[in-house]
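The working numbering numbers the first residue of the sequence shown as 98 and each following residue consecutively. This report refers to the structure that appears directly beneath it.
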Amino acid sequence: GQQVVISADRIAVFFERLKGINARILFGGQNIGLYGYMIFLFLLVIIADIIFVRNFSKEARIAIYGVLIIYFGMPLLGALIPWVDFNNTTKRGVFKMFPLFVLYLRNSPVLARMSAAISAFEFPVYEAKTAPVVKQPVFSRKKKRR
């Protein structure tokens, strides 16, 4: 087989592609028109989870791993395989992160707590107040002797 040699120019291509993903796809260009505010919502929620909760469920960790694999894997593929072009393949690959964003948001502890607080506000649980128990005298059926 053929050996894959990682040279300095391939590493430079990796970082150039990573910069391109950030500058042109995720945070610049037409990102709001194409993707809406989903990227910013995901980043806001994951930062809030890191700051306030620091505890992720298994499903949330899997979604984060998937996002990181796509985020670093697409530039790596572009650096290693020359015919993986930026405009088509990388854009399509980055678009595969959006279901993982939604999966993470579904399992976010901060959003789960906010949802529980909203539900508690909308549907409050009232405790039934009972009247104090008054002890009644006990009467027996036996006749008293005089």
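Don't be surprised by glycine CBs; every beta carbon is placed ideally from N, CA and C. Please read these numbers as outputs of a predicted model, since none were measured by experiment.
query, result
"Rounded separation between I215 and F236 - CA only", "53 Å"
"Within 8 Å, strictly: CB atoms of L208 and V142", "yes"
"Candidates R114, Y223 and V110: closest to K48 by CA position", "With the chain covering 98 to 243 only, the question about residue 48 has no answer from this structure."
"Cut-off 8 Å between Cβ atoms - residues of its own chain near I122, not counting five sequence neighbours on either side", "N128, T187, K188 and V191"
"Backbone CA spacing between F137 and F124 [nearest angstrom]", "9 Å"
"Terminal residues of the alpha helix (DSSP H) in which D182 lies", "Counting along the chain, D182 falls outside any alpha helix (DSSP H), and DSSP gives it neither H nor E."
"Backbone secondary structure at T187 - three-state DSSP", "helix"
"Buried versus exposed call for L197 [16 or more other C-beta atoms within 10 Å across all chains shown]", "buried"
"Cβ-Cβ distance between I167 and M194 below 8 Å", "yes"
"Runs of alpha helix (DSSP H) lying entirely within the stretch 100-185, each at least 4 residues, in chain order", "105-117, 128-132, 135-145 and 155-177"
"Beta-carbon gap between A213 and F111 smaller than 8 Å", "no"
"K116 versus W180, L173 and Y223, residue with shortest Cα-Cα distance", "L173"
"Of the listed residues A160, I159, P206 and M135, nearest to F149 (C-alpha basis)", "P206"
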